[in-house]
Each structure stands twice: as structure tokens, then as C-alpha cells.
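Start counting at 1 in the sequence shown, then tack on 3, and there's your number in our numbering.
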Amino acid sequence: QVQLVESGGGLVQAGGSLRLSCAASGRTFSSYVVGWFRQAPGKEREFVGHITWSGGSTYYADSVKGRFTISRDDAKNTVYLHLNSLEPEDTAVYYCGARLKSGNYNYWGQGTQVTVSS
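See below:
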């Protein structure tokens with residue numbers, strides 16, 4: 004069974020940075036894509052970006068491109084979301100999800116809150 008556990012959220016001032024972690028366990032992830040999503044109050048869950056575990060290619064939503072980056076640490080089975088130049092509009096619960104390269108996201112973490120103050 005795949006388990007994803009996010010951590011690293013918190014309160015930060017506008018312009019600041021955070022690093023979120025998504026620790027994965029339960030299987031070998033070489034065939035998986037790990038994505039980051041966020042959900043602000045009253046809004047639908049929004050795709051932020053993803054990384055392919057094998058090869059490490061990344062893709063980002065336009066709203067975060069140039070400010071957020073995704074990386075992975077194979078030894079720790081962990082994917083990171085680096086949030087830079089944060090804006091109040093980035094306030095949300097951030098989730099990581101996993102899917103096979105040709106599948107839908109069907110594994111999710113519990114989420115971690117990011118709050119950006121102005």
C-alpha cells in the first residue's frame with residue numbers, strides 16, 4: 004500500500020520561502036509520477052506541478068512557474084516542493100499525490116497548510 008506523508012507547511016511572510024516534503028513508502032516508485040496540488044478555502048483543488056520519479060522531469064502550472072520547483076531524493080524516497088517568492092494567493096493546503104505514468108492520481112497524502120501573510 005502506497006503511503007504519502009507531507010510536512011513542512013507553516014506561516015510565512017510574503018516574499019518568503021518554504022520547502023514542503025512528501026515522504027513516500029510502500030513500493031518502488033520508479034514507474035510513478037508524484038504531483039503537488041493545492042486547495043484554497045472555497046476553491047477547487049489546483050494542480051501545481053509534478054515530477055517523474057524515474058528521470059526527474061518536471062512540469063509546472065503557469066501560476067507557479069519560475070517561483071516553485073520540485074525535486075526528489077531517491078535515497079530518502081522523498082519529493083520536495085520548494086516555494087519561493089510566496090504571495091498571499093499561495094495560501095492553501097498543499098497535497099502530494101502519486102500515479103503511475105499512464106494513470107490517474109489515486110494515492111494522496113493528508114495535506115499540509117501553507118499560510119502567506121501580506
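Every residue gets a Cβ at the ideal spot worked out from N, C-alpha and C, and that includes glycine.
Looking at the DSSP output, TYR83 shares a beta bridge with SER24 and SER74.
Contact between GLU9 and THR115 holds: their C-beta atoms lie close to 4 Å from each other, under 8 Å. When DSSP reads this structure, GLU47 sits in no beta bridge, so it has no partner. Distances from the CA of TYR62 to each of THR118, GLY106, VAL36 and GLY29 were compared; the closest alpha carbon is that of VAL36.
Per DSSP, GLN16 is one residue of the beta strand (DSSP E) stretching across 13-16.
Between the C-alpha atoms of ASP77 and GLY59 there is a straight-line separation of about 10 Å.
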